[in-house]
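In my numbering, the protein residues as written are 932 to 1191.
Cβ coordinates follow ideal geometry from the N, Cα and C atoms, glycine included.
Quick notes on the structure that follows.
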């Protein structure tokens, strides 16, 4: 099942509360997922979108009640559909250069609210000083401790999230612009915003060190967030299987453990 529901920006506080309750209920309901977006386009401004997926063959499973009751809903694409068509629905506009940043925090409403506020301030600043043809999305994805408990039961991995004793939320911002100059300016601003958010989360006590490599900008250092033991393991594996450092020095792109 696929259900993408769009709401006006004024429902932000309801969505922050709904997501927290959804997250807390994950151990009781593992047949669905919820990813909440705050999405800006020049035509529509900023709206809130809940991408809800479910495998129970139920249109609105009770676990989604908090999302279902938020009103008004300006769009609802509820249907039974294939994975392919679900993916197509999330396809992004072409012709833009993308900059991504990511952070992780505890399941705390303040984590989401501060990021939403940072997005709003960034968008207003960009509109006032840069090319108005841009898109901006932020997303929040659940990283339940249940996921890492299952991982540990099967031998674990090198990500280091087994260090976390609480549920975590993965935050991502995508900023899309047309020109190389705007991309460079956006990267500079977004990395500064990343550091400001990180400092705030650390000070308030709901930061999670780990950063998701797949969402990280090249100016971030996600491998350094995996924990000392895992960093050493990665270095040992690289030394054993790539002693000439071909992948570290001659293969372009990507994050390199040799630089950590």
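Item, Value
"Euclidean distance between Cα positions of residue 1034 and residue 1113", "23 Å"
"With 16 other Cβ atoms within 10 Å as the buried cut-off, status of residue 1108", "buried"
"CA nearest to the CA of residue 1088, picked from 1149, 1161 and 1103", "1161"
"Where residue 1178 sits in the DSSP three-state scheme", "helix"
"Residue from 945, 976 and 1027 with nearest C-alpha to residue 1003", "945"
"Cβ neighbours of residue 1190 in the same chain (closer than 6 Å, five flanking residues each side left out)", "none"
"Sheet register partners of residue 1007 (DSSP bridge)", "936"
"With 16 other Cβ atoms within 10 Å as the buried cut-off, status of residue 1152", "exposed"
"The segment 1051-1070 touching the segment 1133-1141, judged by at least three CB pairs closer than 8 Å", "no"
"Three-state secondary structure (DSSP) of residue 1079", "helix"
"Residue interval of the beta strand (DSSP E) (run including residue 992)", "That residue, residue 992, is in no beta strand (DSSP E); it is neither H nor E in DSSP."
"Nearest-angstrom Cα separation, counted from residue 998 out to residue 981", "8 Å"
"C-alpha distance - residue 1188 paired with residue 1182, whole-angstrom precision", "13 Å"
"Segment contact, 8 Å Cβ cut-off, at least three pairs: the segment 957-965 with the segment 1065-1078", "yes"
"Proximal residues to residue 951 (C-beta, below 7 Å), its chain only, five neighbours per side dropped", "1038 and 1040"
"N-terminal and C-terminal residue of the alpha helix (DSSP H) that residue 1046 is part of", "1040-1060"
"Reduced DSSP category for residue 1277 - H, G, I as helix; E, B as strand; rest coil", "Past the boundaries of the shown model lies residue 1277; the chain is included only from 932 to 1191, so the question cannot be answered."
"Start and end residues, alpha helix (DSSP H) containing residue 1134", "1111-1135"
"Coarse secondary structure for residue 1146, derived from DSSP in three states", "helix"
"Three-state class that DSSP yields for residue 1189 in the structure shown", "helix"
"Near the ligand NAP: residue 1068 beta-carbon under 6 Å from a heavy atom", "What this structure holds is no ligand at all, so the ligand NAP is not there to describe."
"Helix, strand or coil at residue 954 [DSSP, three-state]", "helix"
"Cβ-based burial, residue 1083 [other Cβ within 10 Å; buried from 16]", "exposed"
"Own chain residues within Cβ distance below 7 Å of residue 1118, not counting five before or after", "1030, 1148 and 1150"
"Separation of residue 1178 from residue 1085, as counted between CA atoms", "28 Å"
"Extent of the continuous alpha helix (DSSP H) run through residue 1172", "1159-1172"
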